[in-house]
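Residue numbers (the working numbering): 580 to 903. Every residue gets a Cβ at the ideal spot worked out from N, C-alpha and C, and that includes glycine. The structure displayed is predicted, hence computed values, not measured ones. Reading through the structure tokens given below for one structure.
Structure (structure tokens):
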């Protein structure tokens with residue numbers, strides 16, 4: 580079976596999931612390909628694929644060139660709220676002809692042979708937008724647990740306690756609430772430090788005045804650095820906590836990687852893979868809950884174990900077989 584996975588090569592969590600899935604499917608015996616949907620030079624090699632898996636987009640002109648019947652699996656990566664907001668913002672700010680991710684989402688949900696998500700909440704929302712008999716599969720979002728595992732630290736990060744965050748700095752998971760709350764937390768911990776990376780250079784003009792003015796920056800080591808996987812794994816194993824405040828308590832790829840590496844993890848309520856929850860909303864209450872966690876006054880949750888990427892590949896194989 581030949582499978583083409585279409586994604587932007589942008590090093591996002593979406594891209595990393597597609598990349599890992601292609602490797603896992605290849606290990607399982609499939610002829611699986613990772614295709615850059617923005618680079619036409621790679622299209623010719625996958626025109627005979629049995630399955631087209633759409634992580635980002637399958638270009639319209641490619642559909643006319645396929646040499647086998649079109650069979651598509653649409654991977655619904657973004658939360659419904661994220662897709663909706665991005666689409667509205669593009670339309671309002673870019674005007675006529677702007678990219679419309681919400682309409683694109685509806686198109687593939689209507690025209691794909693299978694729709695797949697990794698989250699039960701999102702499965703329920705997408706299902707509510709579908710016709711009566713449309714099926715939306717929810718499968719495990721696995722990671723390569725051969726790589727994402729506890730390792731010896733290359734040197735402990737500064738801070739007692741030390742916290743680490745490295746979320747993609749989009750408004751659905753950026754560290755705004757954390758930076759607002761952090762001064763009200765570190766005042767209880769004179770030796771504490773927050774380590775924040777992946778803070779893009781083009782957002783510094785907003786974030787740095789905030790954290791320098793409110794005092795968060797006094798106990799924060801931050802940078803626009805994007806860690807490679809080995810550096811990210813080391814950071815998980817070199818800090819006391821990983822904190823990723825993703826809206827709606829979504830269990831994103833980063834939180835699963837951190838958990839697999841043995842990090843003590845903090846998220847918004849709802850992420851079933853996290854050791855500790857704080858509740859989205861008033862940052863003063865977030866600060867109180869975070870302070871209690873760092874003081875040891877909160878028992879860790881019994882969290883769900885992270886799946887291996889091979890489990891994702893097996894679930895996808897069953898979907899491929901169903902639609903062929």
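Relative to the Cα of residue 815, the nearest Cα in the group 782, 845, 791 belongs to 845. Within the segment 776–824, the complete beta strand (DSSP E) segments at least 3 residues long are 799–801, 820–822, listed from N- to C-terminus. Contact between residue 726 and residue 758 is ruled out by a C-beta separation of about 30 Å, above the 8 Å threshold. Taking C-alpha positions only, residue 605 is separated from residue 893 by approximately 11 Å.
Contact between the segment 654–665 and the segment 625–645 is present: 3 or more CB-CB pairs across the two stretches fall below 8 Å. Residue state for residue 847 is assigned as strand, using DSSP reduced to three classes. The C-alpha of residue 627 is placed about 14 Å away from the C-alpha of residue 609. If you look at residue 631, you'll find it isn't in any alpha helix (DSSP H); it sits in the beta strand (DSSP E) that goes 630–633.
Listed as beta-bridge partners of residue 654 by DSSP are 695. Around the C-beta of residue 659, 16 or more other C-beta atoms lie within 10 Å, and the residue is accordingly described as buried. Within the model, the alpha-carbon separation for residue 683 versus residue 699 is close to 21 Å. Per DSSP, residue 834 is one residue of the alpha helix (DSSP H) stretching across 832–839. Taken through DSSP and simplified to helix, strand or coil, residue 726 comes out as coil. For residue 666, the enclosing alpha helix (DSSP H) starts and ends at 659–673. Between residue 798 and residue 773, the CB-CB gap stays under 8 Å. Between the segment 710–728 and the segment 741–752, the count of C-beta pairs closer than 8 Å stays below three; the two stretches do not touch. Distance from the CA of residue 607 to the CA of residue 903, rounded to the nearest whole angstrom, comes to 18 Å. In the three-state reduction of the DSSP assignment, residue 852 falls in the coil class, being assigned neither a helical nor a strand state.
Going by DSSP, residue 755 is part of the alpha helix (DSSP H) stretching over 755–765. Under the DSSP definition of a beta bridge, residue 717 partners with 696. Comparing alpha-carbon positions, the option among 804, 802, 875 lying closest to residue 820 turns out to be 875. Within the same chain, and ignoring the five residues on either side of residue 680 in sequence, the residues whose Cβ sits closer than 6 Å to its Cβ are 662, 665, 666. Taken through DSSP and simplified to helix, strand or coil, residue 686 comes out as helix.
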